[in-house]
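A short worksheet on the structure shown next.
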Amino acid sequence: MTFTIDFSADSAIVARQLIGAVLLVDGVGGRIVETEAYDREDPASHTFAGETARNATMFGPPGHVYVYRSYGIHWCLNFVCREAGHGAGVLIRAIEPLQGIDVMRERRGVVDERLLCSGPGRLCQALAITREHDGLGLNEPPFELIGAGERMRSVAGPRIGISKAIDVPWRFGLAGSRFLSRPFR
DNA sequence: CTTAGGATCGCCT
DNA sequence: GGCGATCCTAAGC
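Quick note: the first sequence uses my numbering, first residue 975, plus one each step.
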């Protein structure tokens, strides 16, 4: 019996619920161990200044995927939350590799499992996520999302790599995981 | 172990 | 023209 995630909830609720869920893209992926929530009235969010060409997907229906380019080099994966038009989402920051590990090693060019998906840019490279996935629904191929069957013990703290709203504790992690992008304090 | 700098480009001011 | 929801490498302690 699988536990489905309600993406119409607040992004912080969804971010917490996603900890322990299994994400696969074309059968490659693993357990989500780190997320961050972003919301409309949130100076750190891409949607804070309103809808633009880049963030249009964030204002679309919940349960869809928002992919953006980071620093001109990397891709970052988000799940849209709330209702269409709101502009909230969850950044997927780290995954514990479970399926297709050798494929991920090839795509990433590293052997160490802890370096495959521990970071938003890294996991997109490992799962081969690009702008082409932007706007696709999580309930249809190539995506597969299986909610955590049990309540996972999680920790929370401030988000990483932002310069605004740096004290908001909207970063969530699986307690004790070795696959976090950075440890929690 | 921590820190510093460069890569690289679409979007916003 | 500036600046990231980042990552990698190299150098310093």
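Ideal placement from N, C-alpha and C gives every residue a C-beta, glycine not left out.
Item, Value
"On a CA-only basis, which of V1054, I1047, L1101 and D1108 is nearest L1072? Give me that one, please.", "L1101"
"Between which two residues does the beta strand (DSSP E) harbouring H1050 extend?", "Before going further, note that residue 1050 is Cys rather than His in the sequence given. Here the beta strand (DSSP E) through C1050 covers H1048 to C1055."
"Give me the Cα-Cα distance between V1064 and P1132, rounded to the nearest whole angstrom.", "14 angstroms"
"Using the C-alpha atoms, what's the distance from W1049 back to P1017?", "21 angstroms"
"Return helix, strand or coil for A1030, following the three-state DSSP convention.", "helix"
"How long is the line joining the alpha carbons of A1058 and G1037, rounded to whole angstroms?", "10 angstroms"
"According to the Cβ coordinates, are F1153 and V1007 closer than 9 angstroms?", "yes"
"Could you compute how far the alpha carbon of V1127 sits from the alpha carbon of R1156?", "Checking the displayed sequence, the identity of residue 1127 turns out to be Arg instead of Val. Going by the C-alpha atoms only, they are around 17 angstroms apart."
"Is R1125 near P1094, with beta carbons less than 9 angstroms apart?", "no"
"In three-state terms, what does DSSP make of L1072?", "strand"
"Examine the Cβ distances between the segment 1040 to 1049 and the segment 1084 to 1098 and report whether three or more of them are shorter than 8 angstroms.", "yes"
"If we count the other Cβ atoms within 10 Å of its Cβ and call it buried at 16 or more, is V1002 buried or exposed?", "buried"
"Apart from the five residues just before and just after R1082, which ones in its own chain have a Cβ nearer than 8 angstroms to its Cβ?", "L1089, L1090, R1096, Q1099 and A1100"
"If you reduce the DSSP assignment to three classes, tell me which class R990 lands in.", "helix"
"With 16 as the cutoff for other CB atoms within 10 Å, does T1009 come out buried or exposed?", "buried"
"Within a Cβ cutoff of 6 angstroms, which residues of the same chain sit near A1011, ignoring the five residues on either side of it in sequence?", "S985, A986, A989, V1064 and W1144"
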